[in-house]
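So the protein sequences, as listed, match chains G and S. Counting in our numbering, the first sequence runs from 3 upward without gaps. Counting in our numbering, the second sequence runs from 3 upward without gaps. Idealized CB from N, CA, C, for every residue including glycine. Below is one structure; the comments refer to it alone.
2 protein chains.
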Amino acid sequence: MNASNAKKSTKTKVEQFMKCDLMQELDFLVARMRSLGSGRANLALKPFDLKVRSYSVLSLACSEVMPTQRDLAELLALDPSQIVPLVDGLETKGLVTRLADPNDRRSKVVVATDAGKKLYGKARKATEQSEQETLNALTPEERTQLRDLLSRVVLGDSA
Amino acid sequence: MNASNAKKSTKTKVEQFMKCDLMQELDFLVARMRSLGSGRANLALKPFDLKVRSYSVLSLACSEVMPTQRDLAELLALDPSQIVPLVDGLETKGLVTRLADPNDRRSKVVVATDAGKKLYGKARKATEQSEQETLNALTPEERTQLRDLLSRVVLGDSA
DNA sequence: AATAAACCATTGACTTTTTCAAGGATTAAA
DNA sequence: TTTAATCCTTGAAAAAGTCAATGGTTTATT
Numbered sequence: 003m004n005a006s007n008a009k010k011s012t013k014t015k016v017e018q019f020m021k022c023d024l025m026q027e028l029d030f031l032v033a034r035m036r037s038l039g040s041g042r043a044n045l046a047l048k049p050f051d052l053k054v055r056s057y058s059v060l061s062l063a064c065s066e067v068m069p070t071q072r073d074l075a076e077l078l079a080l081d082p083s084q085i086v087p088l089v090d091g092l093e094t095k096g097l098v099t100r101l102a103d104p105n106d107r108r109s110k111v112v113v114a115t116d117a118g119k120k121l122y123g124k125a126r127k128a129t130e131q132s133e134q135e136t137l138n139a140l141t142p143e144e145r146t147q148l149r150d151l152l153s154r155v156v157l158g159d160s161a
Numbered sequence: 003m004n005a006s007n008a009k010k011s012t013k014t015k016v017e018q019f020m021k022c023d024l025m026q027e028l029d030f031l032v033a034r035m036r037s038l039g040s041g042r043a044n045l046a047l048k049p050f051d052l053k054v055r056s057y058s059v060l061s062l063a064c065s066e067v068m069p070t071q072r073d074l075a076e077l078l079a080l081d082p083s084q085i086v087p088l089v090d091g092l093e094t095k096g097l098v099t100r101l102a103d104p105n106d107r108r109s110k111v112v113v114a115t116d117a118g119k120k121l122y123g124k125a126r127k128a129t130e131q132s133e134q135e136t137l138n139a140l141t142p143e144e145r146t147q148l149r150d151l152l153s154r155v156v157l158g159d160s161a
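Right, here's the structure in full:
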């Protein structure tokens, strides 16, 4: 029932690699983290027909920040052209709407509909639980610690 | 010259999004971290004609652990079929060799050649510097702290 | 010992994601 | 007013991810 005894039969060979240099390298750790984490999160979001990507867009569309598509691209570290089909999908399902930016008619602001906000509420709970599972090796304090460190690395580029 | 003043002109709009729920979500943070980090690392590895992926394989091939291709797939969280072209590329350049596993003739052990070890030495310095740049918002203690937390999440699934 | 089942590396087909260049519409700068 | 820059969108091409099937090998079952 627990996620920890997934493959106990094959005697996880991972332990033998603990001493390798690579295990200390950030790129490796983060890549593996993303693979495992987003895999689990996508599974948790499947009932809502969402993935981490579309969920992220929906989440931002639910905020009061009124993000333009360019904002979304920068935040998610994606090419602007990748945002288009992402928003298209959500818009088709009636979860978000493209609004004309009053300040700049080139831009389009992506905002959530009522249905979008409603779905987001449920989906958020799913991702929260998925996150707990992913972090089950850490104490609650360590989890917030990890989030804070990541947040500073990824958002605060000030010096 | 420094990486911190990349886009100071456009007055990073990211700050306005700090209050959004998404900024606390692990999946988002890790995805962004990977995008930024591996982007920088790939750039640093370009002089050696390596990417984070091929570099990781090379690194493991340089260890004394004698990893099979299956081991590589599990560690890097990739499909076994993705390892094939990865090792092919390194083998073509004479950096690694496929050896018959003495214990199991189905498996192939991937080991680095002398040229491979030599290149790895240089490439490793490049990734280390790239890592420092990525983590420049953190103190040295916080950097090891972050690595430790990630390591436990990603490798130690015991409970 | 013989048969069946499981496993490894590889191939191939397929989908998804990423990366780029170019375009029309709009705004900012000269 | 002209020039340059920005935003969204499109489309093409490369890279990465997913999945099923195969030959050779090992393990488990009978």
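| Asked | Found |
| --- | --- |
| Segments of 3+ residues assigned as beta strand (DSSP E) that fall wholly inside the segment 107-149 of chain G | 110-114 |
| Residue from Pro82/G, Leu60/G and Gly41/G whose Cα sits closest to the Cα of valine 98/G | Leu60/G |
| Beta-carbon proximity check, phenylalanine 30/G vs valine 67/S, cutoff 8 angstroms | no |
| Contact with chain S by threonine 115/G, beta-carbon distance below 8 angstroms | no |
| Any non-hydrogen atom of the ligand ADP within 7 angstroms of threonine 115/S CB | In the structure shown, the ligand ADP is absent, as is every other ligand, since no ligand is present at all. |
| Spatial neighbours of valine 111/G in its chain, beta-carbon cut-off 8 angstroms, leaving aside the 5 residues before and after | Met68, Pro69, Thr70, Arg100, Leu101, Ala102 and Asp103 |
| Check whether alanine 43/S and serine 132/S have beta carbons under 8 angstroms apart | yes |
| Reference serine 65/G; option with closest CA among Asn138/G, Tyr122/G, Ala128/G and Gly91/G | Tyr122/G |
| Beta-bridge partners of alanine 63/G, as assigned by DSSP | Alanine 63/G is not bridged to any residue. |
| Residue-chain proximity (aspartate 23/S, chain G), Cβ-Cβ < 8 angstroms | yes |
| Test: arginine 100/S CB closer than 8 angstroms to a CB of chain G | no |
| Interface residues of the segment 25-47 of chain S facing chain G [CB-CB below 7 angstroms] | Met25, Gln26, Glu27, Leu28, Asp29, Phe30, Leu31, Val32, Ala33, Arg34, Met35, Arg36, Ser37, Leu38, Gly39, Ser40 and Ala43 |
| Short CB-CB distance (under 8 angstroms) between valine 170/S and chain G | The structure shown does not extend to residue 170/S, since chain S spans only 3 to 161, so no value can be given for it. |
| Supposed contact pair leucine 24/S and cysteine 22/G - C-beta distance, whole angstroms, cut 8 angstroms | Their Cβ separation, rounded to whole angstroms, is 34 angstroms, which puts cysteine 22/G and leucine 24/S out of contact at 8 angstroms. |
| Buried versus exposed call for aspartate 81/G [16 or more other C-beta atoms within 10 Å across all chains shown] | exposed |
| Inter-residue spacing [alpha-carbon to alpha-carbon] between aspartate 51/G and glutamate 144/G | 31 angstroms |
| Opening and closing residue of the beta strand (DSSP E) in which alanine 79/G lies | Premise fails: alanine 79/G is in no beta strand (DSSP E) and is neither H nor E. |
| C-alpha gap between glutamine 84/G and arginine 72/G, whole angstroms | 10 angstroms |
| Extent of the continuous alpha helix (DSSP H) to which leucine 97/S belongs | Leucine 97/S -> no alpha helix (DSSP H), and no H or E assigned at all. |
| Chain S within 8 angstroms of glutamine 131/G, Cβ atoms only | no |
| 9 angstroms Cβ cut-off: residues of chain G touching leucine 121/S | Within chain G, no residue comes near leucine 121/S; the closest Cβ sits about 14 angstroms away, beyond 9 angstroms. |
| CB contact below 8 angstroms: leucine 148/S versus chain G | yes |
| Cβ neighbours of alanine 117/G in the same chain (closer than 7 angstroms, five flanking residues each side left out) | Gly96 and Leu97 |
| Nearest neighbour of lysine 48/S, chosen from Leu152/S, Arg126/S, Val156/S and Asn138/S [CA to CA] | Arg126/S |
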